[in-house]
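Report on the following structure.
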Amino acid sequence: MSSTTLPLKQRAPVRPARILLHVFLAGTALAWLAPLLWAVFSALRPYSETSAKGYVSWPSKLTFENFTNAFQQSDMLHYFGNTLIIAVPAVLLTLFLSSCVAFYVARFDFRVNLALLLVFTAGNLLPQQVIITPLYRLYLLTDLPGITASGKLYDSALGLVLIHVAFQSGFCAFVLSNYMRSLPHELTEAALVDGASVWRLYWQITLPLCKPAMAALATLLSIWIYNDFFWALVLISTGENMPITSALNNLSGQYFTDPNLVAAGSLLTAIPTLVVYFALQRQFVSGLTLGANKG
Amino acid sequence: MTTDMTTKTPEAATEPPPRRTPKKKRAAQQSHRRLLTRRDRITLALMAGVPTILHVALVWVTAIASIFLAFTTWDGIGFDSIKWVGLDNFKQLFNDNPQFWPAVQHNVIWFVVLILIPTPFGLFLAVQLDKRIRFSRVYQTAFFLPVVISMACIGFVWQLVYNPDTGLINSIIGANKPGHYIDWIGDPHLNLWAVLIAASWRHAGYMMILYLAGLKSVDPSLREAAALDGANEWQTFKSVIFPTLRPTNTVVLVVTIIEALRAFDLVFVFNKGAQGTELLSILVTNNIIGESSRIGYGSAIAVVLLVISLAVIIPYLIATFRKERRA
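Order-wise, the sequence lines are chains P and A. At position 160 of the first sequence the residue is numbered 160 (the UniProt record's numbering), and the sequence of numbers has no breaks. At position 12 of the second sequence the residue is numbered 12 (the UniProt record's numbering), and the sequence of numbers has no breaks.
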């Protein structure tokens, strides 16, 4: 926090303005959190009480019962598991593949570089719905007997992993290639002269230097993939196979029968992202702006 | 989301060492090439090829297939049942689909609202938080929180606010009794605006972060010079700071357009895109998961979306990459 080093040259006369600013910011911040706090408040109250006294009323009892009920009744753990099976391979594969492309583009071929990056980045900016109709058909037509439980790419974790990787690698390749190009060329050149293989150049020399960018991207990707709603909604047909964010939609009619349970259930799905965000806030924000501020 | 959030343009948060001149770089690349063994070349081909094939096959081939299928009808089973129908799908879409023009209109409204309200507000917050102020991080966290949570979850949270019977708003203003009911979710005159408040709530925090990053890169000496010249805070911002934020403004504009075109999750969770909140993305999706899936027709809607997106994406990327090459 910057609070410890209040700038010396900043003028003294505007104190009242500062206080006003703080009042404004604190008020706005509270207003910003209000919908979430309202959800927490509703989730903490027993349904019987809110239905008798109304939702805007002084609580006589606050419990975590709704949370435990929402978690157990809907077998939420199972859906968190589904997300894990999709998100972990997807994040790792995206980072691996996009760093491969980035390495090639940054170190070996400057001409293909721009064209390739253009294709990757433009692809990543497209709305998902542009490609969904043919993609859906492609997934239905791809037979993978024995490889996925459904026997097709459709309705399988593999299918979701692939589309996440294909879609997200655009952004990552772009960021990583810019990052790699700014690394000193002498490093790889010297190693190459010493007879190191291309693979070693990539794996042992370039990648370790890209750790900050990779960490930022990994944080960002985890949250994006966790939060994805659309791909699974269309490409998964069995409710049981859905990752948590998309499953929420089904669960809310089936198990979350009253608003208090809906509140508890949806807040539970937000917990993992919040944990990641608070733990890795710096990486997340730097990942997001990783690029947004070329001066 | 996926969504969503896509900010491009090079530069790293963690400052890497300065760049070398392109000429030297190209020379280095050539000397790199000469030292390659056969195995190295195969490794390189795989490293560049596998990701490219995956990306092109799943993203670009399908995008192009969308264009092709938009001019056909197909039952989705055998490839021999694909029939060319010319512009029929588009004619039907433009003339006979009662949801199409409202959807286009709502996508436009979505963009206009996002760019006029939360975007300037995000900039305003960023400017305030950029003054070395106490608790800046705490405020930032609060404003940014909605951006981290999934759109689906946001949809549910706002349903709790808008629910006509049990929601926060109606409970407070007493509109949850029969007779003077306000149906924020179902009423087609209200629901788009209700959902746009939720979307703006999220967008402002996102824009704030982008602008904060932009402001950090503003040369402090500019500000000092303006202060020495006697400019007040507003004058400094208007004539000195804002013009230097141009690159950020471009990113913000592109991100906002893309967000407006991608808008989906929130509306889908909110009311499934029922009357009043139709969007192009919703029409495409309903065409797939609905009972009467028409591949050609759905693709035609997707093509409309594709054309609008590419009209924004391509000029932006070309400008970005041109700058890049000069750098």
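Backbone N, C-alpha and C fix where the C-beta goes; we use that ideal spot for every residue, glycine too.
Just checking: is the beta-carbon of N227 of chain P within a distance shorter than 8 Å of some beta-carbon in chain A? Counted from its first residue, the first sequence places residue 227 of chain P at position 227. Yes, contact with chain A.
Cross-strand partners of K83 of chain A (DSSP beta bridge): Counting from 1 along the second sequence, the entry for residue 83 of chain A is found at position 83. Paired residues: A:T73.
I want to verify the contact list: residues of chain P whose CB lies under 7 Å from the CB of A142 of chain A, in sequence order. Counting from one through the second sequence, the residue named residue 142 of chain A turns up at place 142. Annotation: Cβ neighbours of A142 of chain A in chain P (cutoff 7 Å, chain order): A29, W32, L33.
Which of the three DSSP states is assigned to D229 of chain A in this structure? As a working mapping, residue 229 of chain A is identified with position 229 in the second sequence. Three-state result, D229 of chain A: coil.
Under the DSSP definition of a beta bridge, which residues are partnered with D143 of chain P? Working through the first sequence from its first residue, we reach residue 143 of chain P at position 143. According to DSSP, residue pairing for D143 of chain P in a beta bridge involves P:K152.
Could you work out which residue in A:A194, A:V59, A:M207 is closest to L125 of chain A when comparing CA atoms only? Within the second sequence, residue 125 of chain A is the residue found at index 125, counting from 1. Among A:A194, A:V59, A:M207, the Cα nearest to that of L125 of chain A is on A:M207.
Classification of G86 of chain A by the beta-carbon crowding that lies within 10 angstroms, buried from 16 upward: Here the question's residue 86 of chain A lines up with position 86 in the second sequence. Exposed.
Does DSSP put P120 of chain A in a helix, in a strand, or in coil? For this step, residue 120 of chain A is matched to residue 120 along the second sequence. In the structure shown, P120 of chain A sits in a helix (DSSP, three-state: H, G or I).
Using CA atoms only, rank isn't needed, just tell me which of P:L162, P:R18, P:F103, P:H22 is closest to L54 of chain A. If you number the second sequence from 1, residue 54 of chain A lands on position 54. Ranking the options by Cα distance to L54 of chain A, first place goes to P:L162.
Evaluate contact between the region 24-43 of chain P and the region 156-164 of chain A, counting only Cβ atoms and requiring at least three cross-stretch pairs below 8 Å. yes
So what does DSSP say about V56 of chain P, is it helix, strand or coil? Translated into positions along the first sequence, residue 56 of chain P becomes position 56. Three-state DSSP puts V56 of chain P in coil, outside helix and strand.
For F79 of chain A, is the classification buried or exposed, using 16 other Cβ atoms within 10 angstroms of its Cβ as the cut-off for buried? The residue labelled residue 79 of chain A in the question sits at position 79 within the second sequence. F79 of chain A is exposed by the Cβ-count criterion.
Just the chain A side, please: which residues come within less than 8 Å of P16 of chain P by C-beta, in chain order? Looking up residue 16 of chain P in the first sequence gives position 16. Those within 8 Å of P16 of chain P in chain A number zero; the least Cβ separation is about 14 Å.
Please classify G273 of chain A: is it buried, with 16 or more other beta-carbons within 10 angstroms of its beta-carbon, or exposed? Taking the first residue of the second sequence as position 1, residue 273 of chain A is located at position 273. With 16 or more other Cβ atoms from the protein chains shown falling within 10 Å of its own Cβ, G273 of chain A counts as buried.
Can you grab the Cα-Cα spacing for the pair W231 of chain P / Q275 of chain A, in whole Å? Position 231 of the first sequence, counted from the first residue, corresponds to residue 231 of chain P. Position 275 of the second sequence, counted from the first residue, corresponds to residue 275 of chain A. One C-alpha to the other measures close to 24 Å.
M208 of chain A (DSSP reduced to helix, strand or coil): Locating residue 208 of chain A in the second sequence gives position 208, where the first residue counts as 1. In this structure, M208 of chain A counts as helix in the three-state DSSP scheme.
Sub-8 Å separation of L279 of chain A and N89 of chain A beta-carbons: If you number the second sequence from 1, residue 279 of chain A lands on position 279. If you number the second sequence from 1, residue 89 of chain A lands on position 89. No; because the gap between Cβ atoms is not below 8 Å, this pair is not in contact.
Using a Cβ-Cβ cut-off of 7 Å (strictly less than) and excluding sequence neighbours within five positions of W84 of chain A, which residues of its own chain qualify? Position 84 of the second sequence holds residue 84 of chain A. The answer, listed in chain order, is F71, T72.
How about T219 of chain P and F284 of chain P: are their beta carbons less than 8 Å apart? The residue given as residue 219 of chain P occupies position 219 in the first sequence. The residue given as residue 284 of chain P occupies position 284 in the first sequence. Against a cut-off of 8 Å, the Cβ pair of F284 of chain P and T219 of chain P comes out as a contact.
Considering N163 of chain A, what are the terminal residues of the alpha helix (DSSP H) in which it resides? Along the second sequence, read from residue 1 onward, the residue named residue 163 of chain A stands at position 163. Counting along the chain, N163 of chain A falls outside any alpha helix (DSSP H), and DSSP gives it neither H nor E.
Please report the Cβ distance between V130 of chain P and L306 of chain A, rounded to the nearest whole angstrom; I am assuming they are in contact, meaning their Cβ atoms lie under 8 Å. By one-based count along the first sequence, residue 130 of chain P stands at place 130. By one-based count along the second sequence, residue 306 of chain A stands at place 306. 5 Å between Cβ atoms; contact.
In chain A, which residues lie less than 8 Å from I163 of chain P when you measure between Cβ atoms? Residue numbering aside, residue 163 of chain P sits at position 163 when the first sequence is read from its first letter. Within 8 Å Cβ-Cβ: L58.
Let me make sure I understand the geometry here. Which of A:S81, A:F264, A:I241 has the alpha-carbon closest to that of S246 of chain P? Position 246 of the first sequence, counted from the start, is the residue given in the question as residue 246 of chain P. Nearest C-alpha to S246 of chain P: A:F264.
Could you tell me which chain A residues have their CB closer than 8 Å to the CB of T245 of chain P, listed as they occur along the chain? In the first sequence, residue 245 of chain P corresponds to position 245, counting from 1. Per Cβ cutoff of 8 Å: S150, A152, C153.
DSSP state of M242 of chain P, grouped into three classes? The residue labelled residue 242 of chain P in the question sits at position 242 within the first sequence. If DSSP states are grouped into helix, strand and coil, M242 of chain P belongs with coil.
For S66 of chain A, which residues in chain P fall below 7 Å Cβ to Cβ? The residue given as residue 66 of chain A occupies position 66 in the second sequence. The answer, in chain order, is V130, I131, T133, P134.
For chain A, is any of its Cβ atoms less than 8 Å away from the one on G170 of chain P? The count along the first sequence starts at 1 and reaches residue 170 of chain P at position 170. It does; some Cβ of chain A falls within 8 Å.
Using 8 Å as the limit for Cβ to Cβ distance, is T119 of chain A near chain P? In the second sequence, residue 119 of chain A corresponds to position 119, counting from 1. By this cut-off, T119 of chain A is not an interface position.
V101 of chain P and M47 of chain A - do their beta-carbons sit closer together than 8 Å? Within the second sequence, the letter at position 47 stands for residue 47 of chain A. Within the first sequence, the letter at position 101 stands for residue 101 of chain P. Contact flag set, yes.
Run through DSSP, which three-state label would G174 of chain A get? For the purposes of this step, residue 174 of chain A is taken as the residue at position 174 of the second sequence. The answer is coil: DSSP assigns G174 of chain A none of H, G, I, E or B.
Using a C-beta cutoff of 8 Å, does L280 of chain P count as contacting chain A? Reading the first sequence from its first residue, position 280 is the one you call residue 280 of chain P. So no, L280 of chain P is outside the interface.
Buried versus exposed, by CB contacts within 10 Å (16 or more), I172 of chain A: By 1-based counting over the second sequence, the position of residue 172 of chain A is 172. Counting Cβ neighbours within 10 Å, I172 of chain A comes out exposed, since fewer than 16 surround it.
Give me, in chain order, the residues of the same chain whose beta-carbon lies closer than 7 Å to that of V267 of chain A; leave out the 5 immediate sequence neighbours on both sides. The residue you call residue 267 of chain A lines up with position 267 of the second sequence. Only V195, G273, T277, L279, I282 meet the Cβ criterion.
Nearest chain A C-beta to I205 of chain P closer than 8 Å, yes or no? Residue numbering aside, residue 205 of chain P sits at position 205 when the first sequence is read from its first letter. No, its Cβ sits nowhere closer than 8 Å to a Cβ of chain A.
Could you check whether the region 109-124 of chain P touches the region 195-213 of chain P, counting it as contact only if at least three pairs of C-beta atoms, one from each stretch, sit closer than 8 Å? no
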